[in-house]
Structure formats: structure tokens, C-alpha cells
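For what it's worth, this note's numbering labels the leading residue of the sequence shown as 6, then goes sequentially. Note that the Cβ used here is the ideal one computed from N, Cα and C, for glycine as well. First up is the structure itself, then whatever we jot down about it.
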Amino acid sequence: MTTETFDWCDYLAFAIEMRDTQIEDESRRRAAISRAYYAAYNVAKEFAEMQGVHIDTYSKGGHANVWNAYTQDSQLSDTLASLTKDGHRLKRLRVRADYEGDVRVGQSELERGIGQAEKIINKLKSTLD
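Here it is as C-alpha cells:
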């Protein structure tokens with residue numbers, strides 16, 4: 006039995022689909038930001054692992070460990086160091102969308118989240134070409 010791996014970019018496509026619906030709904034914007042983040046996070050994590058970089062993602066700070074690897078590991082930092090800042094910025098937006106109910110998440114935050122996720126994923130994919 007063969008097992009296909011999940012394509013994390015499908016999360017980004019789903020986020021874009023939620024953005025493009027004409028329903029003005031903050032819960033959709035929050036969910037779309039979260040899915041966009043997890044698309045970028047998992048693509049970045051898998052990319053690092055493909056380069057032979059082990060990242061502890063199961064302990065406290067696991068998400069930060071993924072983004073920090075792009076400046077701390079010489080196998081990644083030469084061309085991809087900017088992903089650390091981009092990833093942390095997107096993570097802050099995702100945390101706001103997922104946990105801060107007293108803060109409004111508008112269309113501009115959604116656009117920023119999707120744009121940042123696309124930037125991260127495209128940079129990683131272009132490195133493989």
C-alpha cells in the first residue's frame with residue numbers, strides 16, 4: 006500500500022478560496038490566515054528536512070525553531086536567511102488570528118498573511134529549481 010503525502014500548498018489554495026468568496030466574515034479571514042501560515046510553516050519544515058537539517062518541532066518553541074533554522078543553519082542561511090524574519094512575521098499574524106479575539110482581523114491582515122505565505126513558499130520552490 007502506498008501512501009501519498011499531503012501537499013501543504015493545498016492549505017494555501019484553501020486560504021485563497023476563502024479569501025475570494027464574497028462573504029464578509031471575520032471567522033473566514035481568521036481561518037484563512039491560519040491555513041496560509043500552516044502551508045508556509047510545513048513547506049519550510051519539509052524543505053529544511055530535505056536539506057538534512059533536523060529541527061525539534063515537538064518541544065516548546067517548535068515553530069520558532071523552524072523559522073530560526075533559516076539563519077542558524079549554514080545549509081539554509083546562505084540564500085534563505087530572510088525566511089526567518091518572514092516566517093516570524095507570518096506567525097505573529099497567525100497567533101493574532103487564532104488567539105486574540107478582542108482584536109479585529111480585517112481584509113488587509115488576510116491579504117498580508119496570504120501574501121507572506123506565498124512569498125515564503127515561492128522562495129523555497131525557486132530554490133529547488
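task: Within the same chain, show all residues whose beta-carbon is closer than 6 Å to that of ARG34, passing over the 5 residues directly before and after it, in chain order.
output: Counting from 1 along the sequence shown, the entry for residue 34 is found at position 29. Excluding sequence neighbours, ARG34 sits near VAL110, LEU115.
Inter-residue CB distance, ILE21 and ALA102 (contact presumed, cutoff 8 Å): Residue numbering aside, residue 21 sits at position 16 when the sequence shown is read from its first letter. Residue numbering aside, residue 102 sits at position 97 when the sequence shown is read from its first letter. Not a contact, Cβ separation roughly 15 Å.
query: Got a sec? Which residues, its chain only, sit under 6 Å from TYR4 by beta carbon, not counting five neighbours each side?
result: Any answer about residue 4 is impossible in this case: the structure gives the chain only from 6 up to 134.
- prompt: Sorted by chain position, which residues of the same chain lie with C-beta nearer than 7 Å to ASP61's C-beta, five sequence neighbours on each side aside?
  reply: As a first step, residue 61 is located in the sequence shown; it is residue number 56 there, counting from the start. If we look at ASP61 and ignore the five residues flanking it on each side, its Cβ neighbours are GLY67, ASN70.
query: In whole angstroms, what separates the C-alpha of LYS50 from that of SER113?
result: Here residue 50 refers to the residue found at position 45 of the sequence shown. Here residue 113 refers to the residue found at position 108 of the sequence shown. CA-CA distance, LYS50 to SER113, rounds to 27 Å.
task: Give the C-beta separation of ASP91 and LYS130 to the nearest angstrom, bearing in mind that I take them to be a contact with Cβ-Cβ under 8 Å.
output: Sequence index remark: in the sequence shown, residue 91 carries index 86 (1-based). Sequence index remark: in the sequence shown, residue 130 carries index 125 (1-based). The pair is not a contact, with the Cβ atoms about 14 Å apart (cut-off 8 Å).
Contact under 7 Å by Cβ, THR89 with THR76: Locating residue 89 in the sequence shown gives position 84, where the first residue counts as 1. Locating residue 76 in the sequence shown gives position 71, where the first residue counts as 1. Taking 7 Å as the Cβ cut-off, THR89 and THR76 qualify as a contacting pair.
task: Determine the closest residue to ALA44 out of ASP107, TRP72, ALA18, THR132, with distance taken between C-alpha atoms.
output: Translated into the one-based positions of the sequence shown, residue 44 becomes position 39. With distances taken between Cα atoms, ALA44 lies closest to ALA18.
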